[in-house]
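Residue numbers (the working numbering): 11 to 145.
For each residue, glycine too, the CB sits at the ideal point set by N, CA and C.
On a predicted model such as this, the values are computed, not experimentally measured, just so you know.
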């Protein structure tokens with residue numbers, strides 16, 4: 011009986027995971043922060059509404075509706091890999107191409123307070139959602 015329950019949960023997780031990584035979905039964030047290795051620290055969180063629509067087409071590309079009203083399309087270049095941080099936070103990660111032709115890493119966390127990161131080498135941009143106003 012235990013084995014059947016365990017098998018059920020494994021199959022459920024795999025089915026959910028497959029749907030999550032292939033269906034179109036939207037995530038909204040209200041803050042952004044920047045990390046620059048030259049400075050060696052993250053900037054303060056800044057207000058800025060950013061929306062990401064994941065899997066906008068059959069290739070799995072991403073639309074980014076920026077705080078300034080512009081929309082950028084990120085082209086998906088790799089398959090989705092999954093991982094967990096040392097703190098136990100689950101994420102999905104891909105390589106993508108931005109509108110300027112630069113390749114970067116796109117990391118999406120399950121928790122909206124961790125949000126997502128755009129990683130250009132040692133320069134990182136993190137978007138997150140917080141229910142209370144920061145700063």
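Roughly how many angstroms lie between the CA atoms of residue i and residue j, to the nearest whole one?
i: residue 122; j: residue 86; result: 21 Å
i: residue 28; j: residue 118; result: Low local confidence applies: a pLDDT of 46 at residue 28 is under 50, so the model's placement there is unreliable, with the coordinate-based value given in what follows. When rounded, the distance between both Cα atoms is 15 Å.
i: residue 30; j: residue 65; result: For residue 30, the pLDDT reaches just 47, beneath the cut-off of 50, and the residue's location in the model is therefore unreliable, although a value from the coordinates is still provided. Distance between the alpha carbons of residue 30 and residue 65 is about 10 Å.
i: residue 60; j: residue 94; result: 24 Å
What residues are listed by DSSP as bridge partners for residue i?
i: residue 48; result: According to DSSP, residue 48 bridges with nothing at all.
i: residue 140; result: None, per the DSSP bridge assignment.
i: residue 77; result: Its beta-bridge partners do not exist; DSSP assigns none.
Would residue i pass as a contact of residue j if the rule is Cβ separation under 8 Å?
i: residue 88; j: residue 72; result: no
i: residue 38; j: residue 141; result: no
i: residue 101; j: residue 114; result: no
Relative to the ligand SAH, is the shortest distance from any of its heavy atoms to the C-beta of residue i smaller than 7 Å?
i: residue 112; result: Ligands displayed in this structure: none; no statement on the ligand SAH is therefore possible.
For residue i, is the classification buried or exposed, using 16 other Cβ atoms within 10 angstroms of its Cβ as the cut-off for buried?
i: residue 74; result: buried
Would you grab the beta carbon distance between residue i and residue j for me? Rounded to a whole angstrom, and I think it's under 8 Å.
i: residue 62; j: residue 126; result: 7 Å
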